[in-house]
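Residue numbers (mature numbering (1 follows the signal peptide of the UniProt record, and there is no 0)): -3 to -1, 1 to 553.
Built from N, CA and C at the ideal position, the CB exists for glycine as well.
Every value quoted in this text rests on a predicted model; they were computed, and no experiment measured them.
The structure appears below as structure tokens.
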Amino acid sequence: VQALLHRFEVRRSLHTRLCTTKSMLTVNGQFPGPTIYARRGDLVTVDIVNLSDRNITIHWHGVKMPRYPWSDGTNLVTMCPITPGNKFRQRMILSDEEGTLFWHAHSDWSRATVYGAIIILPPTTESYPFPKPHAQIPILLGLWWNDDIDEVYQNFIAEGRDPAAVDAFLMNGQPGDLYPCSTQDTFRLKVETGKTYHIRMVSALMHFIVFFKIAGHNVTVVGADGSYTKPLNTDYILIGPGQTIDFLLETNQPPSHYYMAYKIYTRGSNDTTPRSPLFRSDYVPSTGILEYVGNYTPPPSPLFPPFPEAWPSTTIYFSNKLRSLANDKHPIDVPINITEKLFFVLSINLWPCRANSCLESDRFLASINNVSMIMPETSVLEAYYKGIKGVFTPNFPDHPERVFNFTYVSLGQNASHPRFATAVYMLDYNATVEIVFQNTILGNGLDHPIHIHGYSFYHLGSGLGNFDEARDRLNLNLVDPPFMDTVIVPRFGWTVVRFKASNPGVWYMHCHYDRHQSWGMKMVFIVKDGDRPEEKMLPPPQDMPRCDTPPLDYYY
Ligand code: C2O
Ligand code: CU
């Protein structure tokens, strides 16, 4: 049943939501884009044909691409963009991934409309670590702007402030019936009583961490980011941009219509601190309807789920609750002797306007260890492979003091003006890496869903405050940490991850909030080749998009 050769035509097509029609970039005219089905270990080939008027790259989010960064699809990190009228054959090399991942554009903000699910089933000779579900249901969360996303992006870049507020939250491309003009634009999931449905949830949101709930039903989480987890029974899902969650839904309630809904999580009803204009107080939850089939009178309106209201602690973060299976069939391999112990401070910075120190026109920037990454004008991977000088410097800094003074930085007094650089951190083949991500304060604090390409990290733990070596290290989970490609570093807190640098190549790491990424919260790891032939990067394909014409667009 699996077509392992796909053709992705990137082109403009017209789509209408909230009674507004716009021309937007899509793959094959579909929104959300086509779902790729594969099995663990498959090689999937995708021909990307750019029939649009924009430069484009397509990234396989969470696919590790062993030894083959050439098909990773990150604009100006692993490739130069596919220019209008050109094409590129990408190889999506599945290795240990099993579960749900997604693909999305990875150039400017095109991913707002250019994304789709990747569903990776067990090999035919193997089964799930849970009873075989009755059906597979992808649920993709996304955003809708009535304006052209390119306009939103250009205005955002020009102003250096938050982008225009979104107009709707979408579930499988539909806003749901609480939005004006949207009764027909509601995702309906028809289910039979007494079955188990495998929901494959993808957050393709550009910003916002959200709560997802189904009225009247608990669900059981069984996987995240393309890796299985121990079953976790829960009445809500918390998911950040770039994360995927696999969960089982048992249709064990009285036949009826139930809302499935999600909305951004808030910090409690008595919190009066002003928020960025991006976070509007009138946001409407996106809804879908879970419809039991059968003979019954549906309620006049589906039951609506209650949402947790506050942000009490890090306990709401799913990554803290998830556990790997960590058994004989699904072993884990957490590095214990660490050769690279890194401390990365994640910060939002204010950059004064050039003329004088007028605060109103300050712009936002974002940094890791005070470096705000500038995108190069050509591919880092190509420069590394061909030894081209002047594209990047191999000196991304560690933070030797391993502490962040929380009292120092606050809004209006943020003196930490970042340094601009295209700096990479070089890792030896098979280096064992630990990163402590330390979040900082700006205003109300911001979470950062940090995503790495080419790897998944073991998420050993997260907590509030400064990471405390003496206290917090004792509580890290080395027994069954989840294996994730995107971890949420909580506001005012920290997260510790580990990975083994066994995949040579050039790998991007960044905040999966697009505005933070565009402000500079991003960096690149280069993992050097090992000595043996099977430890080296493979050569590039013949049809790599050329880098000799300067790309039309890139992040500043
Ligand atoms: Cu979801 Cu760098 O990507
Ligand atoms: Cu961020």
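Inset, instruction - Give me the Cβ distance between E94 and P119, rounded to the nearest whole Å; I'm assuming they're in contact under 8 angstroms. - result: Here residue 94 corresponds to residue number 97 of the sequence shown, with the count starting at 1. Here residue 119 corresponds to residue number 122 of the sequence shown, with the count starting at 1. Rounded to whole angstroms, the Cβ separation of E94 and P119 is 11 angstroms, and the two are not in contact under 8 angstroms.
Inset, instruction - Say yes only if the C-beta of H56 is nearer than 7 angstroms to one or more non-hydrogen atoms of the ligand C2O, and no if none qualify. - result: Indexing the sequence shown from 1 puts residue 56 at position 59. With a cutoff of 7 angstroms, H56 counts as near the ligand C2O, since its C-beta is closer than that to a heavy atom of the ligand.
Legend entry - Ordered list of beta strand (DSSP E) runs contained in the segment 163 to 209, each at least 3 residues: Runs of the beta strand (DSSP E) spanning 3 or more residues and lying entirely within the segment 163 to 209 occur at 165 to 168, 184 to 188, 193 to 200, in chain order.
Legend entry - Test item: CB-CB of W67 and M89 under 8 angstroms: Indexing the sequence shown from 1 puts residue 67 at position 70. Indexing the sequence shown from 1 puts residue 89 at position 92. In this structure, M89 does not lie closer than 8 angstroms to W67 by Cβ.
Inset, instruction - Express the C-alpha separation of S200 and S224 in angstroms, rounding to a whole number. - result: Here residue 224 refers to the residue found at position 227 of the sequence shown. Here residue 200 refers to the residue found at position 203 of the sequence shown. Going from the Cα of S224 to the Cα of S200 covers about 16 angstroms.
Legend entry - Buried or exposed (CB count within 10 angstroms, at least 16 for buried), K192: Locating residue 192 in the sequence shown gives position 195, where the first residue counts as 1. With fewer than 16 Cβ atoms within 10 Å of its Cβ, K192 is classed as exposed.
Inset, instruction - Could you pull the start and end residues of the beta strand (DSSP E) that V43 belongs to? - result: Counting from 1 along the sequence shown, the entry for residue 43 is found at position 46. That run of the beta strand (DSSP E) goes 40 to 47.
Inset, instruction - Output the residue ranges of the beta strand (DSSP E) runs that lie fully inside the segment 77 to 153 and measure 3 residues or longer, sorted by chain position. - result: DSSP runs (the beta strand (DSSP E)) wholly in the segment 77 to 153: 84 to 90, 96 to 102, 112 to 118, 132 to 141.
Legend entry - Cβ-based neighbour list, L362, same chain, cut-off 6 angstroms, excluding 5 preceding and 5 following: In the sequence shown, residue 362 corresponds to position 365, counting from 1. Excluding sequence neighbours, L362 sits near N346, W348, S369, P415, W516, G517.
Inset, instruction - Could you tell me which residues DSSP pairs with P295 in its beta bridges? - result: On the sequence shown, residue 295 is found 298 positions in, with the first residue counted as 1. DSSP, once it has assigned bridges, lists no residue as partnering P295.
Inset, instruction - Kindly examine the ligand GTP and report whether one of its heavy atoms sits closer than 7 angstroms to the Cβ of Y505. - result: This structure simply doesn't include the ligand GTP; it includes the ligand C2O and the ligand CU instead.
Inset, instruction - Just grab the DSSP bridge partners of W57 for me. - result: As a first step, residue 57 must be located in the sequence shown, where it is residue number 60. BP columns for W57 point to W100.
Legend entry - Where K383 sits in the DSSP three-state scheme: Taking the first residue of the sequence shown as 1, we reach residue 383 at position 386. When secondary structure is reduced to three states using DSSP, K383 falls in the helix class.
Inset, instruction - Use the C-beta contact count for K61: other C-beta atoms within 10 angstroms, 16 or more gives buried, fewer gives exposed. - result: Along the sequence shown, one-based indexing puts residue 61 at 64. Buried, since its Cβ has 16 or more Cβ neighbours within 10 Å.
Legend entry - G220 Cβ short of 7 angstroms to the ligand C2O heavy atom set: Position 223 of the sequence shown, counted from the first residue, corresponds to residue 220. The answer is no for G220.
Inset, instruction - Return yes when the Cβ of S453 is within less than 8 angstroms of the Cβ of S316, no when it is not. - result: Looking up residue 316 in the sequence shown gives position 319. Looking up residue 453 in the sequence shown gives position 456. Contact: no.
Inset, instruction - Identify, in the order they occur along the chain, each residue of the same chain with its Cβ nearer than 6 angstroms to the Cβ of A380, setting aside the five sequence neighbours on each side. - result: Along the sequence shown, read from residue 1 onward, the residue named residue 380 stands at position 383. So the qualifying residues of the chain are V388.
Legend entry - Contact test: H445 Cβ vs the ligand C2O heavy atom, cutoff 7 angstroms: Taking the first residue of the sequence shown as position 1, residue 445 is located at position 448. Relative to the ligand C2O, the beta carbon of H445 is positioned no closer than 7 angstroms to any heavy atom.
Inset, instruction - Can you give me the start and stop residues for the alpha helix (DSSP H) that E466 sits inside? - result: Taking the sequence shown and counting its residues from 1, one reaches residue 466 at position 469. Here the alpha helix (DSSP H) through E466 covers 466 to 469.
Inset, instruction - Look up Q410 in the DSSP assignment and say whether it is helix, strand or coil. - result: Counting from 1 along the sequence shown, the entry for residue 410 is found at position 413. With a pLDDT of 42 at Q410, under the threshold of 50, the modelled position of that residue is not reliable, and no figure is offered here.
Legend entry - Distance between Y150 and D105 (C-alpha atoms, nearest Å): In the sequence shown, the residue the question calls residue 105 occupies position 108. In the sequence shown, the residue the question calls residue 150 occupies position 153. If you take the alpha carbons of D105 and Y150, they lie about 8 angstroms apart.
Legend entry - T71 beta carbon less than 8 angstroms from that of H456: Position 459 of the sequence shown, counting from 1, holds the residue named residue 456. Position 74 of the sequence shown, counting from 1, holds the residue named residue 71. Result no, Cβ atoms of H456 and T71 do not sit closer than 8 angstroms.
Legend entry - Extent of the continuous alpha helix (DSSP H) to which H513 belongs: In the sequence shown, residue 513 corresponds to position 516, counting from 1. Counting along the chain, the alpha helix (DSSP H) containing H513 begins and ends at 511 to 516.
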